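With our numbering applied, the sequence shown closes on residue 371, and no number is skipped along the way.
Every residue, glycine too, gets a C-beta built ideally from N, C-alpha and C.
As the structure is a computational prediction, the values presented were derived from the model and not from experiment.
The next block holds one structure in the form of structure tokens; read it before the comments.
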Amino acid sequence: MTDYFSDETGLEVRMGNIVLKNPVITCSGTFASGIEYSKFYDVSVLGAITTKSFSLERMAGNLPPRICETSSGMLNSIGLQNEGIDYFINEQLQEAKKLGVEIIPSIFGRDLDEFKKIAYKIKNIEEEIIAVELNLSCPNVAEGGIAFCASAEQVGNIVAATKEILHTGIIVKLSGHYNNISETASAAKKYGADAAAVINTIPATAFDIETCKPKLGNITGGLSGPAIKPVALLKVFELAKENIIPIIGIGGIMTWQDAIEFIIAGASAVGVGTANFIYPECGRDILQGIKQYMRRKNIGDIKMLKGIAISNIIKG
Ligand SMILES: Cc1cc2nc3c(=O)[nH]c(=O)nc-3n(C[C@H](O)[C@H](O)[C@H](O)COP(=O)(O)O)c2cc1C
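Below is the structure:
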């Protein structure tokens, strides 16, 4: 069998100052820090791993139950449960580095000051990471989270403050919930972000008809998986048409065909999330599928695929 993994030709992705060997990234909150998943496959084949979002201090998260299945998707209300950024830096980073894959810590602050404090901590490990992702869009937390995405000014302020502290790449994780994604992405770009990860989960809920109670302890949660793919594709397409900032397309990517769809809609790279829970090796197989598709279509460079659907619409 052809060893598709050894041939990385034409897969390199450049997003501002961030250079990845290929476009397949795992999404925050769905791959931990990669260590557990390395039992399933050699995760060094991936373009990068994005960690769970880490806050300044440990966060306990929301009341259980915090996960439930929906038709063609899942709802979660984890509420950013995490052990805090010091835990990542002191207990996980060295282990994760041994995996031989680029690491993107995702960080979350309840306000600008917390983002800055976390950025100062990240400064000590800047050489060991390829970028930092600012989670400005979690729908399951009482403070911060999705509210940041409601304001382009807030997004700009957080990016500007982070950029003053860090030299590493900056990715903003945006929500598909508001209709201002162009403004928030423009503000992020203006103040120094290299890429936008689009989208986070979408606020949603579910009820149990036997108990007549909400299925989630938090009542509401974030919808992810195949159900959100068309919504995410539209956000990526709209943003890509305006050519504001390189995009990491996220939302319901389960197969290589889904990944290609995001790339032709304008994404430079793709994030694989919920699929990891169903099929842990999906990142590896999505990458292999992309390579086989490129060979079959005689596409020498992934950049040639990016946004093809947009050019086709313009050409008519
Ligand atoms: C259980 C779970 C936890 C998540 N935790 C985070 C998180 O900590 N930070 C973040 O930015 N996004 C988080 N997300 C959102 C994902 O990174 C991704 O944006 C979203 O799930 C949509 O992609 P998907 O449909 O491929 O899962 C989480 C998603 C799930 C399902």
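Confirm the yes/no value for this check: CB of residue i, any heavy atom of ligand 1, distance under 7 Å.
i: G280; result: yes
i: K131; result: According to the sequence displayed, residue 131 carries Asn and not Lys. Indeed, a heavy atom of ligand 1 lies less than 7 Å from the Cβ.
i: N255; result: yes
i: V196; result: no
i: T329; result: yes
i: K308; result: Residue identity differs from the one stated: residue 308 is Ile in this sequence, not Lys. Yes, Cβ of I308 sits closer than 7 Å to a heavy atom of ligand 1.
i: L294; result: no
i: G84; result: yes
i: L229; result: no
i: C193; result: yes
i: K107; result: yes
i: I283; result: yes
i: C241; result: Sequence check: residue 241 is Ser here, not Cys. No, the beta carbon of S241 sits no closer than 7 Å to any heavy atom of ligand 1.
i: I305; result: yes
i: L393; result: One cannot answer for residue 393 here, as it falls past the ends of the chain, which runs 56 to 371.
i: N117; result: no
i: N190; result: yes
Does residue i pass the burial test, meaning 16 or more other C-beta atoms within 10 Å, or should it be called exposed?
i: F317; result: buried
i: C267; result: exposed
i: K94; result: exposed
i: Y175; result: exposed
i: M56; result: Because M56 sits at a pLDDT of 44, beneath the cut-off of 50, its placement in the model cannot be relied upon, and the point is left open.
i: L118; result: exposed
i: Q312; result: exposed
i: D249; result: buried
i: F163; result: buried
i: P194; result: buried
i: G371; result: exposed
i: I319; result: buried
Between residue i and residue j, which are expected to be in contact by the criterion C-beta below 8 Å, what is the C-beta distance as a whole number of angstroms?
i: T310; j: L278; result: Not really, about 19 Å apart at Cβ, beyond 8 Å.
i: C82; j: G328; result: 4 Å
i: L111; j: E169; result: 5 Å
i: S99; j: L154; result: 6 Å
i: A324; j: G102; result: 6 Å
i: L271; j: S126; result: No, L271 and S126 are not in contact; Cβ-Cβ is about 16 Å, not under 8 Å.
Is the distance from the Cβ of residue i to the Cβ of residue j below 8 Å?
i: I300; j: A207; result: no
i: P281; j: G128; result: yes
i: G321; j: K361; result: yes
i: N145; j: M114; result: no
i: A287; j: L130; result: no
i: S230; j: I201; result: yes
i: E336; j: Y96; result: yes
i: K152; j: I158; result: yes
i: I365; j: K296; result: yes
Measuring only between beta-carbons, confirm whether residue i sits less than 8 Å from chain D.
i: R351; result: Within the model displayed, chain D is absent; a lone protein chain is all it includes.
Below 8 Å, can you find three or more Cβ-Cβ pairs linking the segment 218-231 to the segment 71-87?
yes
Counting pairs of beta carbons, one from the segment 214-221 and one from the segment 267-276, are three or more of them closer than 8 Å?
no
Using 8 Å as the threshold, is the segment 327-347 in touch with the segment 106-114, meaning 3 or more CB pairs across them?
no
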